[in-house]
Structure formats: C-alpha cells, structure tokens
C-alpha cells in the first residue's frame, strides 16, 4: 500500500510539473554560482544588435575600452549561428561592493581620443539604433522602462508600469547630432543565501540592470586614482560625437548593489514573463473553434455523404446497372496510379517527416523547460542535431513510399532525400552568409563552423537517411486496396474552383488562422531580439495545426475525387501546404508595418530567411496533409466492394 501511495505521489508531482507554467519553471543551463563579499563578478560582452539592420557585431568592433588580455568564451553551435561572440571586458565589479564613479580605461584621468574613422563608425551605429548586450553571471543586462499605463489612473495612484528592454542603447540622436552613452550605472541585485551561523554569508546575482548616461568630458571630473565625480543631472551636458573630427571623452561606470527577494531559480522571469498572456489564450480558443468547425464539416462528409455513397455502391441490386455511377468510386481504377516524379515527391515527404519529428521533439523538450534562454544557443544546437538524427525516419518513410509508387532506383532516391531540401537550405544560407561576411558582421558563420556543418550533413545525416531508406525500401509497400487499370481514365473538365491555386488559398486560410497570433510573437523574437519562451502555448498550437492540416487535406481530396480527378498525390502535397503562402503574405506585412528596415542587405537577409521559413513550413504542413489524405483514400476505397 505504501509503495502504491509513493507511486501515486510521484505521478501527482510529475503532473504538477508538466502543468506548471512554462515561463516560470525550467531546468537552468548552469548551476548557481555562490559569491562571497568582495568576490569578482565578471561582466562580459555578448554583441551589438539592431532590429533596423539585422546585422550583429562583436563588442570590440567599436572602440570601447579593452582589457589587457582579450579572451573569447568557447561557444556552442547555436551561439555561433546567432552571432554571439562572448568576450571579457575591463569592468571591475566585486560582490556587494559599491562604486560611485570610476574611469574605465587604463589611464587615470587622461581622455580617450577617437579618430575621425572611429567617430564616424560610432555615429553610424547610433543612427542605426544599435543596442549593447552585456552579461553578468550569465544574466543579460536590461534597461528599465517606466511609464504610466493610463493617464486617468496617474492622478489616482502614482504606480508606474515597468518593462525591461534587452541591452542598452549605444547612444541617441537629437536633430542631426549624435550622443554616446559613455557612463554606465550598473544596478545589480543579489539574493542572500541561508547559511549556518558561523559561516560567511553567500550571495547570488538575480538581476542585472543598467542606466546608460551621456556625460560631457568637462563635466566628468576625474582624478589620478581613476575616480570621478558625476555632475548633477540638471547641470550636465551630453557627450557629443562629431563624425567629422576627432573626439575626446571618458568611459566611466558606477556599481550599485541591492538585496532582492527573488530566488536564483526565478531570476529569468523578468526577461521571460510575457505581459499579454491573455492574447495567447484567445489564440488557443480561436484555434480550437477553427478545429471544431473543420471537424463538423469532416463528420458531415464522413458520416452522411460517405456512408450513403458506400451503401449505394455496395447495394447488390439490379438498380445499379440502370443507374450510372458518379463520384469518387468511378476513379477507383486510377486513384492509386503513381504520379509523375515519384522520387522527388517521396524525397520532399521524407524531408517533411524529418522536419516534423525535429519540431515536435524540440517544442516538447522546450515546453518541459530544458532549452531555457539561460543556456544560450541550446535551442538552435538541439534543432540542428535533431534534424541530422531524424534523417533515419525521413529516409524510412521516403523509401517505403518510393517503393509503393513503383520506384526502383533506391540509392538515387536516398541521395535525393538526403540532399534536396538540405541542399536548398545550405545554398540560400551560403549566399546570405557571403553578404554578411562583406559587412564584417559577427552574424557571419565562420568557415570552420561551415565545414563542421557540412561534415555533420554528409557524415551523420546522409548515412542515416541511406540506412532508413534501405529498410523502408525493403519493407512491404503500402497496401493499396484496389487494383490500378492498365489504361488511364480521361479526366473531365474541372470547374474554376478546382484550380490548384484556388485550392491553396482555400486550404491555407484555416490552419493559418489557427496559428497566426503565435506567429507574431515568434517573428518578434527572431527579428526584434526578444525572448520567446511560451513553448507550452506553442505545443498546443502545433497540435492544433497538425489536426487542422489533416482535416482540411481530407476535405480537399474528397472534393477532388468527387470531381473525378484522380491526380491527387502532388496536388494534396501542394494544397495542404497552402498556409505557407499566408505565412509569406504575413511576413511581407510584418516587414512593411513592424520593421524599420530600409537598406538592401538587411532586406535581403529578412526575405532570404523568410523564404527558408516558408519552404520549411510548406514541407511540414504538406507532409502532414499528404499522409492524412493517403490514409483517408485507402480507407474509403477499402470500404467499397469492387468487382
């Protein structure tokens, strides 16, 4: 009995963990670091980013103060692909030790002189709206933004809404003048850990904020000990950067520590908490309504029409001879006729299966909290490796389908599956990478990483696809319930609404409607340097997307067969991926309305990566729809008696 109770308690605990909100529960990427008073807390720089150019740069691409020895952190694949270049900085911060104002560069009170080229570069980066990203104990720096949510409430209660901006602005513009944030006021929050009486207290860093300021050289009074005096806020003038001449300035910083009640495990909540969770619930309810609507149509077709059809077709009366057959039974001798280009179709579907398995596992694992943003680059690294290893499933399904479609050249088919979609992705990424290289951005994938990715593709993915394809091709092909006639049947002239493009428009709107709100948040995360962490919602939306794609695909293939058009293989694959067309339209809308991108290369990057997303989404939804339709077609023809 006690064993049973223990098991029940374990099951309850597991259920509670699963149901716990995804944005507050996660398995952190690193173990907590305990600091004693005066212990150094290292401040590292990650990169400079801008949503206007989409080109990240490494920290020392600008003439900031440098430490005596620059050391870069070893990075994982995801960090390299994101453009992170984590490097040490000369900021001297000690646990729970205040600093009023200190000069950053090595000279005690000598100003830093920026050359004309350096001044031009800083001015250009300020105009492009660049943000600087630093980390302390793996926690990213944030700028606090306070505002009143409602003007009427301002009189009633003086409570402000607080939001956090990732990183801090490099500088600001006033008219045609450029001003650099040369003084950083760091505010670090620590949580005091419980220790025994005779032990020295230990602290953990739980929040890292910055207040950037621009203070003119003359107003910063520095002495020989590298100390400086900050002027009164009203009395100081900002530090202007004139791009046409040399500029003199001081880089300074101050450190302030505050105790906090936030525990170490919850320290990321500030960054991950989404203020508008309600809209996600609205999105889920909206999606569920779409699914129920589709289910209604589907059940009407299956229960009423199909049963009636099958009952009529299976009547063993003489009436059948006098009545002329119509509808989907007429094409029973052609419905399983192999389509054109069966190798390419099976290859694309194999890649679709690969993508489906990868996305399902990534979202599920992230929902359980194992791919938190605190373990930087983990999501992208996991996705890359999973795609490689899922090649065995992609190959298996592609091989079995190719065999069913009377294919014989399995080695060529396996090679096509392993290289067609990844080859297109690699080709587009390589071309875009050349442009990023030209801009000297840290977003450019280094040559050794590119070689490593190629080795993964040809060393892991290709052999696994061949292995899966070999077993899939050797396995018994899918059992088609009716024989295919020798001579193909003539297809009657189709109505305008049976056109492929009309089908894509009709089939795409409902799955897209079920997921477009989540798509907005994903786009914000990718293009505006936000954190996306509502994987619980994303998992639900993904399940709804799979269900709605399957349902719409079955409806469309039923209407097509009723119109006596048996060429459903390619058409179902294309039409089921119709929501990808709407994703493309939405991406263009997002670019025009939400992003402030004007230059050629950032625009090229946006549309290049969008093309990859649309292609992948089309493969994913097309594969889901194809397999749903194939199962449906086999089911209905198996239910009809054919002489």
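Residue numbers (mature numbering (1 follows the signal peptide of the UniProt record, and there is no 0)): -24 to -1, 1 to 619.
Glycine residues also receive a C-beta, built at the ideal position from the N, C-alpha and C atoms.
Please read all numbers here as calculations on a predicted model, not as lab measurements.
Ranked by Cα distance from residue 69, the first of 562, 163, 399 is 163.
The Cβ atoms of residue 21 and residue 35 sit closer than 7 Å to each other. Using a Cβ distance threshold of 7 Å, residue 52 and residue 353 count as a contacting pair.
Within the stretch 359 to 423, the runs of alpha helix (DSSP H) at least 4 residues long that lie entirely inside it are, in chain order, 367 to 380, 386 to 414. Residue nearest to residue 273 within the set 407, 317, 474, 486 is 486 (criterion: CA-CA distance). Burial check for residue 387: the Cβ neighbour count within 10 Å stays below 16, so the residue is exposed. A contact between stretches requires three or more CB pairs, one per stretch, nearer than 8 Å, and the stretch 520 to 530 fails this requirement with the stretch 565 to 576. Exposure of residue 234 is indicated by the presence of fewer than 16 other C-beta atoms within 10 angstroms of its C-beta. Residue pairing by DSSP places residue 224 opposite 89 in a beta bridge. Shown here, residue 42 sits in coil according to DSSP, grouped into three states, outside any helix or strand.
About 5 Å separates the beta carbon of residue 460 from that of residue 312, a gap short enough to meet the 8 Å contact definition. In the three-state reduction of the DSSP assignment, residue 71 falls in the coil class.
Judged by DSSP secondary structure, residue 611 falls outside any beta strand (DSSP E) and instead within the alpha helix (DSSP H) spanning 576 to 614. Distance from the CA atom of residue 435 to the CA atom of residue 592, rounded to whole angstroms, is 22 Å. Counting along the chain, the unbroken alpha helix (DSSP H) around residue 499 starts and ends at 476 to 503.
DSSP, reduced to helix, strand and coil, places residue 346 outside both helices and strands of the structure shown, so it counts as coil. Sorting 540, 505, 481, 428 by C-alpha distance to the C-alpha of residue 469 places 540 at the top.
Here the alpha carbons of residue 180 and residue 9 stand approximately 7 Å from one another.
Taking one beta carbon from each stretch, the stretch 227 to 243 and the stretch 93 to 108 have fewer than 3 pairs nearer than 8 Å; the two do not touch.
Annotation: residue 330 to residue 183 spans about 40 Å, alpha carbon to alpha carbon. For residue 276, there is no enclosing alpha helix (DSSP H), as DSSP gives it neither H nor E. Spanning the alpha carbons of residue 534 and residue 463 requires a straight line of approximately 23 Å. DSSP lists 198 as the beta-bridge partner residues of residue 204. Taking C-beta atoms as the reference points, residue 380 and residue 453 count as a pair closer than 7 Å. In this structure, residue 197 sits away from residue 213, with a CB-CB distance that is not shorter than 7 Å. CA-CA distance, residue 455 to residue 351, rounds to 47 Å.
Residue pairing of residue 118 in beta bridges, as defined by DSSP: 142, 185. Residue 199 and residue 226 have their C-alpha atoms roughly 12 Å apart. Per DSSP, the unbroken beta strand (DSSP E) holding residue 168 starts and ends at 159 to 168. Non-local beta-carbon contacts of residue 266 in its own chain, meaning distances under 7 Å to residues more than five positions away in sequence, involve 486, 489, 490, 524 in chain order.
Per DSSP, residue 507 lies in no beta strand (DSSP E) and is assigned neither H nor E. Judged by their CB atoms, residue 570 and residue 31 are not nearer to each other than the 7 Å cut-off.
For residue 20, the uninterrupted beta strand (DSSP E) segment begins and ends at 19 to 25.
In this structure, the CA atom of residue 282 is about 25 Å from the CA atom of residue 550. A residue is called buried when at least 16 other Cβ atoms come within 10 angstroms of its Cβ; residue 561 does not meet this threshold and is exposed.
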